[in-house]
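Participant:
Residue numbers (mature numbering (1 follows the signal peptide of the UniProt record, and there is no 0)): -33 to -1, 1 to 382.
1) Tell me which same chain residues have a C-beta within less than 7 Å of the C-beta of residue 156, skipping the five on either side of it?
2) Would you mind sorting residue 174 into buried or exposed? The rule is 16 or more other CB atoms within 10 Å of its CB.
3) Measuring alpha carbon to alpha carbon, tell me which of 116, 378, 308 and 3 ends up nearest residue 337.
4) Which partner residues of residue 117 appear in the DSSP bridge assignment?
5) So, are the CB atoms of residue 315 and residue 271 less than 8 Å apart?
6) Do residue 250 and residue 220 have their CB atoms nearer than 8 Å?
7) Mind checking whether residue 300 and residue 102 have CB atoms under 8 Å apart?
8) For residue 51 and residue 16, what's the separation of their Cα atoms in angstroms?
9) What does the Cβ neighbour count give for residue 75, buried or exposed, with the cut at 16 atoms within 10 Å?
10) Would you mind stating whether residue 295 and residue 267 have Cβ atoms separated by less than 8 Å?
11) Please list the terminal residues of the continuous alpha helix (DSSP H) segment that includes residue 18.
12) Quick check: what's the CA-CA separation for residue 3 versus residue 137?
13) State the Cα-Cα distance for the pair residue 277 and residue 302, rounded to the nearest angstrom.
14) Please say whether residue 127 and residue 176 have beta carbons closer to each other than 8 Å?
15) From 248, 258, 305 and 230, pick the residue whose C-alpha is nearest to that of residue 240; which is it?
16) Taking buried to mean at least 16 other C-beta atoms within 10 Å of its own C-beta, is residue 381 buried or exposed?
17) Taking the continuous beta strand (DSSP E) assigned at residue 264, which residues delimit it?
18) Under a three-way DSSP split, which group does residue 109 fall into?
19) Could you give the distance in angstroms between the alpha-carbon of residue 383 and the alpha-carbon of residue 181?
20) Nearest chain B C-beta to residue 69 closer than 8 Å, yes or no?
21) Taking the beta carbon of residue 374 as the centre, do at least 16 other beta carbons fall within 10 Å, making it buried, or is it exposed?
22) For residue -13, I'd like the list of residues in its chain whose CB is within less than 7 Å of its CB, leaving aside the five on either flank, ordered along the chain.
23) Quick one: what does DSSP say residue 301 is sitting in, helix, strand or coil?
24) Determine the contact status of residue 46 and residue 129, defining contact as a CB-CB distance below 8 Å.
25) According to DSSP, simplified to helix, strand and coil, what is residue -5?
26) Since residue 367 contacts residue 201 with CB under 8 Å, what's their CB separation in whole angstroms?
27) Tell me which residues share the same chain as residue 343 and place their Cβ nearer than 8 Å to its Cβ, disregarding the 5 neighbours each side in the sequence.
28) Could you name the residues of the same chain whose beta carbon sits closer than 7 Å to that of residue 245, not counting the 5 residues immediately before and after it, in chain order?
29) Reducing DSSP to helix, strand and coil, say where residue 97 ends up.
30) In three-state DSSP terms, what is residue 421?
31) For residue 221, which residues does DSSP report across the bridge?
32) Taking Cβ positions, are residue 214 and residue 280 nearer each other than 8 Å?
33) Is residue 22 buried or exposed, if buried means 16 or more other CB atoms sit within 10 Å of its CB?
34) Of the residues 341, 153, 346 and 255, which one's Cα is nearest the Cα of residue 120?
The following block contains the structure:
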């Protein structure tokens, strides 16, 4: 994606899905445990020579191994980029204002209008509607315009030697070799960003190999140059993440001022009939269906900003990228492409937004009170939001799980 995101989002997938993906690419345990790693290029060539033998043992043809890995060198710039990653620190307004731009909405709609047969066949085959696909497509690569131009083999080989995540990237390197061996790409055409993602939807190599679909019928899975292959592969992957055909994913709503704000939590899933009884209505004022379809109340900017019902299909967006800001923006973009209007910003622009440094301080204060928010990173993830809600309830503040100056001030004062 052209912008801030976690390029290694595969680590957030469900365990079962991760096992399914990684299975064909697991290196022998003993060999993997004995392999060295390094924090510089020293020893890289010797390690790569050993990896070539392992790749052949895993079924990659010697010809492919030679063509792909001979002459591949360690790239210190890749490691420097990896170590220098900036944390995703934008809030929903900041990110969606930039990424859910009118041109992306219009271009997404035009893609579907120009290719109705293609999108229709994909939805019939995989159950995933066009607006969802073009939302990911637009955010990841601007519809194929920004896919990166670094040698994937060199990038992934470098990261497979680096000690930081060696095992993960050795899996990716083996998968990249298998893609080449299958005839989908050549070492020369396998190019992308520094972290090894490939194609118009930025799949890591193991996802490419496992979920790639030859939808244009040319005998190759080409997620770089073939839009039909890329779109169908994304749909195949979205379906594997649990997409339920024919069901919604995100809907803007209006909530009453006296609602129990602690119910606004992605882990709280209630039937629409119950949300309706609590006074939640559609954005235009219409009544919600009094049915049993479950949804969570999502307040990405707290109780003063926009409100959404997140349906079970919304989970697919958080599986695709575990940043709630990214996931909400992608789901919102999909609704806009599908015809929904812009969300009501409410009073969200008037609420002071904590800086990353302030969120880090808040996380430290929460931990000091016995909570376990995980890494102190300035990002209000699920554990931080849960701790915020508990403290808001204790202090008698509206428990919307949103980090506010009032909460920070109260905890600073030792309340």
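The beta-carbon is built from N, C-alpha and C at its ideal position, and this holds for glycine as well.
Keep in mind that this is a model prediction, so the values were computed, not measured.
Facilitator: This is what the structure holds:
1) So the list reads 191, once near-sequence residues are dropped.
2) Label assigned to residue 174: buried.
3) Nearest Cα to residue 337 within the set 116, 378, 308 and 3: 378.
4) Note: residue 117 sits in a beta bridge opposite 159.
5) Yes. Within cutoff.
6) If you check the CB distance, residue 250 and residue 220 come in under 8 Å.
7) Going by C-beta atoms, residue 300 is nearer than 8 Å to residue 102.
8) Their Cα atoms are separated by approximately 29 Å.
9) Residue 75 is classed as buried because its beta carbon has at least 16 other beta carbons within 10 Å across all chains shown.
10) Taking 8 Å as the Cβ cut-off, residue 295 and residue 267 qualify as a contacting pair.
11) Counting along the chain, the alpha helix (DSSP H) containing residue 18 begins and ends at 11 to 24.
12) C-alpha separation (whole angstroms): 12 Å.
13) Cα-Cα distance, rounded: 12 Å.
14) In this structure, residue 127 does not lie closer than 8 Å to residue 176 by Cβ.
15) Residue nearest to residue 240 within the set 248, 258, 305 and 230 is 258 (criterion: CA-CA distance).
16) Taking every protein chain shown into account, the CB of residue 381 has fewer than 16 other CB atoms within 10 angstroms, so this residue is exposed.
17) Per DSSP, residue 264 belongs to the beta strand (DSSP E) from 261 to 265.
18) In this structure, residue 109 counts as coil in the three-state DSSP scheme.
19) Beyond the ends of the chain as shown, which are -33 and 382, falls residue 383; an answer cannot be given.
20) Absent here is chain B; the protein component of the structure consists of one chain.
21) It counts as buried.
22) Unreliable placement is indicated for residue -13, whose pLDDT of 43 sits below 50; the coordinate value is still reported in the next sentence. Leaving aside the five residues that flank residue -13 on each side, the residues in its chain whose CB is nearer than 7 Å to its CB run, in chain order, 173, 174 and 177.
23) In the structure shown, residue 301 sits in a helix (DSSP, three-state: H, G or I).
24) Yes.
25) For residue -5, the predicted model reports a pLDDT of 43, less than 50, meaning its position is unreliable; a value from the coordinates is still stated below. Residue -5 falls in the helix class under three-state DSSP.
26) Incorrect: roughly 33 Å between the Cβ atoms, too far for contact.
27) Here the set comprises 327, 330, 331 and 334.
28) Excluding residues up to 5 positions away in sequence, 226 lie with their Cβ nearer than 7 Å to the Cβ of residue 245 in the same chain.
29) Helix, per DSSP.
30) No information on residue 421 is available, as it lies outside the stretch -33 to 382 that the chain covers here.
31) Checking the DSSP bridge columns, you'll see residue 221 partnered with 248.
32) With contacts defined as CB atoms closer than 8 Å, residue 214 and residue 280 qualify as a contacting pair.
33) Residue 22 counts as buried, since at least 16 other C-beta atoms from the protein chains shown sit within 10 angstroms of its C-beta.
34) Among 341, 153, 346 and 255, the Cα nearest to that of residue 120 belongs to 153.
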